[in-house]
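Residue numbers (the numbering used here), protein chains in the order written: chain F, 524 to 1197; chain X, 524 to 1197.
Heads up: the structure comes next, in structure tokens.
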């Protein structure tokens, strides 16, 4: 058992517990009431379990909120944000009461749902149900990988728990089911969820739609499960202690609770879920719990000091950890350096150099997914923070466990995750991995980006530097047919703020795609790399630096810009098509420039000067070529070439003809452009 | 127990069984080998269970493939399509052997994954794992609703089973978990899944990622579960018989199988999953099962006749049903008429008239979701095929059980489905409901369309006339903040082929949105209706006929087209904003036309003449206004106004100012247009 797991729980102090619970309830009611918007029922119903966890088990130091070895707390039921804001404020995090009084106001530190990197102490942006649960699984996987790789005998540098609170809604969501199944498979002993089993959803009783036996389901996943009265802090504490002792299984503690507990008429009803209780009910609740009606946002003067006293030994633990880390750094300097680099996302120069040293001979045919496979296995050697996996399509996507090692119970140091056919869970877990300072990639077919879009969007909202690898990036995947052929997916990803979408033209640009992705840091955002199933010629005019997003790939020699007939703008597999067409067109007296535009977002970030250099405004005869929907391309090209309807099951040779993705068809199209 | 459930299984004929299984294996191997692409392992591993189901239990009539009371067969593991094509051909469906020989070729009837309405006898388009499973749940719900509403004592007109085959991959997917939990809750006794428990996924053994106890999980959902040897047809038959006898619970029969059973070296390996076995292995397999090597696609001459003999009594059943339906029509003419109308998607004129009779006084403020609520409850009265529900946001979305009745075990006639917080499962179930001739709607917040995109896309690919209701359609939902505020979702939906996206400007256009949705039939496609949380003025210039997609809402009187300063093109809540801005601008000497464009797709379907009438090409000074990403709007307007970054948690008044969605900001923007 780890040292953290062996820590005895802090004493249960009934008076402190009661005071904290009442204070949380008061703050939650007042915060929601003042905002005239929000969810009072959840914080009131979970105050007991949260108080038990925070006062007796959670190891953290509010003065050092980024301490790497802190326990993580995930409020998966993010609508109960006032619970978290109250806990953070009362425990001394930099979240003043005035911010709690500005709950849900513009630019406040207390938005409707918790946002990481916005409010200190918030570990994960939550709200969309189930996604926080999955991120918690990712945090726990990260802890296990880091512990296995960096701890040494006598040096338990990485050794902490991931605790969370989840709701009925979380557990109804498929993403949570996927992540829970994988967590059970992996046996994540340091993951402990308190399940707020309040029998209430927005529409009413869970009897309406959710009568499954949740503990039995989680037991079937391989979890340790317990069921307790969620308002009995001693029972919750005992269950938490038992859960911590489970080293081989994640734990779900089903806490039977009453939503809005303490509210005389609204407790136990869906009326308390998503709306203020109303002044009368707030008053009645305060009276019933013997609480001052005024001032609102009342905090008993003795409470902060009592909580601070509970934090002090944790600060001692943290300081002890600093000393232990120093000793570790003396004995294992290279590991310590690696860990520090990982925590600050500093990438070894060797990683970049190794990518640039890769060779893909010009003129050969290389599927960009195959190029990707070489890149990933190379990076795995040089980038210790790299971790990732595929949703059961490792070979197909071009991401294998080569040089990463498959992660499992038996090999917790492995950095390759066999996600199974669980795209949404995978995306949510990636978020947790990235929040724990790792550099995750995940992978599936482009079509199945649809299945993980909820989590993918959160990676963009949290601006996490995740690489989403999507192979089989167009109808040219062939025979699998329209159920597997993306049409709208590429453009649809481009619509997500802060997500960079890179569709490389060949192996060279694929290297560029990864270099670009690695240059993005936490606070920038994720990168999607779209790669082909089919082979693509390695071009002599393509670039390994795609950081400007688009560039002039080719135009006929001795032709000035003003002599150009027009511009072909293409991405991915259509770049070599555009090039071949342009080379044919020049003999027909129609000199065309070919622009490769692997990344719209990077191109948009350039100044207008560079944009005008690549796409001179005077040249309005422009044709975009992309094997996906033409919608959206009007932004860069007045004319568009691509399939706007669903694909078809056929060999690639038949498809390129049928969908007009041949040199003949493009040449003909250009000739007919007005 | 129903008559169908009480039907004794047909006899097990060991010789016929063996012959059929070998034939399926041969066809599957040869089909994949000839296509040089596909999945041989699954059909070979499931041939036994499928043969047991089809020869002994499935009630269908290949000569009348659309017989309403046929049992449904769902191949959720759609990659095993050669299994289904083989069964259909051998049983006499209109699928000639020549088409099996054109497996995965352009325009063949045998695409890589089964496609409904493309190949006769295919009930659901499958392939994306888990989605078929959920559609099967929808089919079973539809059967139960129709049986409860239309059967009368002595007249069991609707009484059939839904059988399916699902794989490990299906059961790993969250959508299947969601649908399974709901199916257990509802107690769908006529749903029976055979689970192909072959321990193999693409990446290798299920030991890599999937070690949960599946039967225990399904038991926790409330399912009847059984585990059998999937290659023992008698055991499978006994389990099927027991499953049919379960009237109160859906059934999962875990069939332990060997993938590619019979292949000497590739059986039981992932090598047989997604690639041809290769000529040598095919030959060795055929030899091992004592099968002629030539001709390929060999069908023993006696087999079709033997299978036809098994079909004959089913045809008698079907003919008997026709007689019974005639008797029913005599005794219950109105019900029979209603059923016939439902089967042919004929809508009573009263439905349309009732919508047009709704009154929303001009000048009042009505959230379009509230208008939607009135519409849905009105339609519920007049449209018997209407069925639907929300993912736990009934009131919020504006779809309640008023006039529909909540569907439950106790009230199987109810047409309102409490989906719980299960968006993806909901989308998949909608597909099944629509495939069973119902007119489903589903509903959630627009942001959570992301969570159901996999199923939503299939509704478009299958061209099913589903209405997807998405409320809280912009950042103007307010305090819930960026996790809940759609930015890219509206545009992203517009990218999906055959999906019509309608964002109505006010209550009038919301009526138009529903009229438009109802005008779309099977073969057209689904409609997404995006409605607001906030109130919107009911305009005196808005229309209830939005079938042309866009129209001139307003322009200053006595101003000719050539005198216009420009055009404001807006949708949804921004239409009244554009109108107010235009009315202000006219006093500033800048006469603007205001175009409401509730539905791009309908507008695109108009001739260019109408398009030019609404958006005269000469007027290039156009500004789009939509509270979502501006990407994509370049198609209609050279200038765009809208938020391209994530939203913020704040009251609506603060948000409109912050994001420039005020009359002042629009007026200023127009003044600065070049």
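For every residue, glycine included, the Cβ atom is placed at its ideal position computed from N, Cα and C.
* If you drop the 5 nearest sequence neighbours on each side, which residues of the same chain put their C-beta closer than 6 Å to that of residue 773 of chain X? -> Counted from its first residue, the second chain places residue 773 of chain X at position 250. So the list reads 706, 711, 714, 746, once near-sequence residues are dropped.
* Which of helix, strand or coil DSSP assigns to residue 537 of chain F -> Here the question's residue 537 of chain F lines up with position 14 in the first chain. Collapsing the DSSP output to three states places residue 537 of chain F in a helix.
* Check the DSSP bridge columns for residue 964 of chain X and list the partner residues they point to. => Residue mapping note: residue 964 of chain X aligns to position 441 of the second chain, counting from 1. Partner residues in the beta bridge of residue 964 of chain X, as assigned by DSSP, are X/911, X/990.
* Any chance you could list the beta strand (DSSP E) runs of at least 3 consecutive residues sitting entirely within the segment 1095-1161 of chain X, in chain order? => List check, beta strand (DSSP E) in window: 1115-1119, 1145-1148.
* For residue 1103 of chain F, collect the residues of the same chain with a Cβ closer than 6 Å to its Cβ; drop the 5 residues on either side in sequence, then sort them by chain order. => Taking the first chain and counting its residues from 1, the one referred to as residue 1103 of chain F is at position 580. When the five nearest sequence neighbours on each side are left out, the beta carbons in the same chain lying within less than 6 Å of the beta carbon of residue 1103 of chain F are those of 1186, in order along the chain.
* With 9 Å as the C-beta to C-beta threshold (strictly closer), list the residues of the segment 615-633 of chain X near chain F in chain order. => For the segment 615-633 of chain X, which is checked against every Cβ of chain F, the residues closer than 9 Å are 626, 627, 628, 629, 630, 631, 633.
* Just checking my contact of residue 597 of chain F with residue 658 of chain F at CB under 8 Å: how many whole Å lie between their CB atoms? -> Position 74 of the first chain, counted from the start, is the residue given in the question as residue 597 of chain F. Position 135 of the first chain, counted from the start, is the residue given in the question as residue 658 of chain F. Confirmed, about 6 Å.
* To do: State buried or exposed for residue 982 of chain X, treating a residue as buried only when at least 16 other CB atoms are found within 10 Å of its CB.
  => In the second chain, residue 982 of chain X corresponds to position 459, counting from 1. Per the 10 Å Cβ criterion, buried.
* Asked: Since residue 750 of chain F meets chain X, which of its residues come closer than 8 Å, beta carbon to beta carbon?
  -> Numbered from 1 along the first chain, position 227 holds the residue referred to as residue 750 of chain F. Ordered by position in chain X, no residue passes the 8 Å Cβ test against residue 750 of chain F, which lies about 13 Å from the chain.
* With DSSP run on the structure shown, which of helix, strand or coil describes residue 634 of chain F? -> Taking the first residue of the first chain as 1, we reach residue 634 of chain F at position 111. Residue 634 of chain F carries a coil assignment under DSSP once its states are collapsed to helix, strand and coil.
* Asked: How about residue 650 of chain F: is its C-beta nearer than 8 Å to some C-beta of chain X?
  -> Your numbering for residue 650 of chain F matches position 127 in the first chain. At least one chain X Cβ lies under 8 Å of residue 650 of chain F.
* Length of the line joining the Cα atoms of residue 481 of chain F and residue 987 of chain F -> Given a span of 524 to 1197 for chain F in the structure shown, any question on residue 481 of chain F remains unanswerable.
* Any chain X beta carbon closer than 8 Å to residue 973 of chain F -> Along the first chain, one-based indexing puts residue 973 of chain F at 450. Interface residue, yes.
* May I have the straight-line CA-CA distance separating residue 728 of chain X from residue 918 of chain F, to the nearest angstrom? => Numbered from its first residue, the second chain carries residue 728 of chain X at position 205. Numbered from its first residue, the first chain carries residue 918 of chain F at position 395. Those two C-alpha atoms are separated by around 14 Å.
* Quick one: is residue 1034 of chain X near chain F, going by C-beta distance under 8 Å? -> Here residue 1034 of chain X is taken as the residue at index 511 of the second chain, counted from 1. Chain F, which has no Cβ nearer than 8 Å to the Cβ of residue 1034 of chain X, makes this no.
* Span of the beta strand (DSSP E) holding residue 1201 of chain X? -> No information on residue 1201 of chain X is available, as it lies outside the stretch 524 to 1197 that chain X covers here.
* **Nearest neighbour of residue 975 of chain F, chosen from F/785, F/1012, F/1005 [CA to CA]** => As a working note, residue 975 of chain F is residue 452 in the first chain. With distances taken between Cα atoms, residue 975 of chain F lies closest to F/1012.
* To do: Taking only beta carbons into account, state which residues of the segment 711-739 of chain X come closer than 7 Å to chain F, listed in chain order.
  => Under the 7 Å Cβ criterion, the segment 711-739 of chain X contributes 724, 725, 726, 731, 732, 733, 734, 735, 736, 739.
* Asked: Who are the neighbours of residue 1019 of chain X on chain F, taking C-beta pairs under 7 Å?
  -> Working through the second chain from its first residue, we reach residue 1019 of chain X at position 496. Within chain F, the residues near residue 1019 of chain X are 1011.
* Bounding residues of the alpha helix (DSSP H) (the contiguous stretch that carries residue 950 of chain F) -> Position 427 of the first chain holds residue 950 of chain F. Looking at the DSSP string, the run of the alpha helix (DSSP H) that includes residue 950 of chain F is 946-958.
* **Proximity test, Cβ basis, 8 Å: residue 993 of chain X and chain F** => Here residue 993 of chain X refers to the residue found at position 470 of the second chain. Residue 993 of chain X does not count as touching chain F.
* Between the C-alpha atoms of residue 1177 of chain F and residue 1000 of chain F, what's the straight-line distance to the nearest angstrom? -> On the first chain, residue 1177 of chain F is found 654 positions in, with the first residue counted as 1. On the first chain, residue 1000 of chain F is found 477 positions in, with the first residue counted as 1. The alpha-carbon of residue 1177 of chain F is positioned some 12 Å away from that of residue 1000 of chain F.
* **Whole-angstrom distance between residue 1154 of chain X and residue 1160 of chain X, CA atom to CA atom** => One-based indexing of the second chain puts residue 1160 of chain X at position 637. One-based indexing of the second chain puts residue 1154 of chain X at position 631. Cα to Cα, residue 1160 of chain X sits roughly 11 Å from residue 1154 of chain X.
* Jot down the residue ranges of each uninterrupted alpha helix (DSSP H) in the segment 648-690 of chain X, minimum 4 residues, whole runs only, in chain order. => Complete alpha helix (DSSP H) runs here, min 4: 654-673.
* Hey, quick one: how far does the beta strand (DSSP E) through residue 777 of chain F stretch, first residue to last? -> Within the first chain, the letter at position 254 stands for residue 777 of chain F. It spans 774-779 - the beta strand (DSSP E) in which residue 777 of chain F sits, taken as one unbroken run.
* **Cβ contact check for the segment 991-1006 of chain X and the segment 1047-1055 of chain X: 3 or more pairs under 8 Å** => With a cut-off of 8 Å, the segment 1047-1055 of chain X and the segment 991-1006 of chain X count as touching, because enough Cβ pairs lie within range.
* Near-chain X residues of the segment 669-700 of chain F (beta-carbon distance less than 7 Å), N- to C-terminal order -> Answer set for the segment 669-700 of chain F: 692, 695, 696, 697, 698, 700.
* Asked: Does DSSP classify residue 839 of chain F as helix, strand or coil?
  -> Here residue 839 of chain F refers to the residue found at position 316 of the first chain. In the three-state reduction of the DSSP assignment, residue 839 of chain F falls in the helix class, which pools H, G and I.
* Under 8 Å between C-beta atoms, does residue 1005 of chain F make it to chain X? -> Counted from its first residue, the first chain places residue 1005 of chain F at position 482. For residue 1005 of chain F, a Cβ of chain X is located within less than 8 Å of the residue's own Cβ.
* **Under 7 Å from the C-beta of residue 481 of chain X: neighbouring residues of chain F** => An answer regarding residue 481 of chain X cannot be provided, because it is not within the stretch 524 to 1197 covered by chain X.
* To do: Give the DSSP-derived three-state secondary structure of residue 612 of chain X in the structure shown.
  => Within the second chain, residue 612 of chain X is the residue found at index 89, counting from 1. Residue 612 of chain X: helix per DSSP, three-state reduction.
* To do: Could you list which residues in chain X have their beta carbon closer than 7 Å to that of residue 1169 of chain F, in chain order?
  => Here residue 1169 of chain F refers to the residue found at position 646 of the first chain. Per Cβ cutoff of 7 Å: 984, 1020.
* **Rounded separation between residue 697 of chain F and residue 654 of chain F - CA only** => Taking the first chain and counting its residues from 1, one reaches residue 697 of chain F at position 174. Taking the first chain and counting its residues from 1, one reaches residue 654 of chain F at position 131. Here the alpha carbon of residue 697 of chain F sits roughly 10 Å from the alpha carbon of residue 654 of chain F.
* Asked: Using a Cβ-Cβ distance under 8 Å, would residue 1152 of chain X count as near chain F?
  -> Counted from its first residue, the second chain places residue 1152 of chain X at position 629. Taking Cβ atoms only, chain F reaches closer than 8 Å to residue 1152 of chain X, which makes this a yes.
* To do: Find out if the Cβ-Cβ distance for the pair residue 616 of chain X, residue 643 of chain X is shorter than 8 Å.
  => If you number the second chain from 1, residue 616 of chain X lands on position 93. If you number the second chain from 1, residue 643 of chain X lands on position 120. Yes; because the gap between Cβ atoms is below 8 Å, this pair is in contact.
* Between which two residues does the beta strand (DSSP E) carrying residue 750 of chain F extend? -> As a working note, residue 750 of chain F is residue 227 in the first chain. Residues 747-752.
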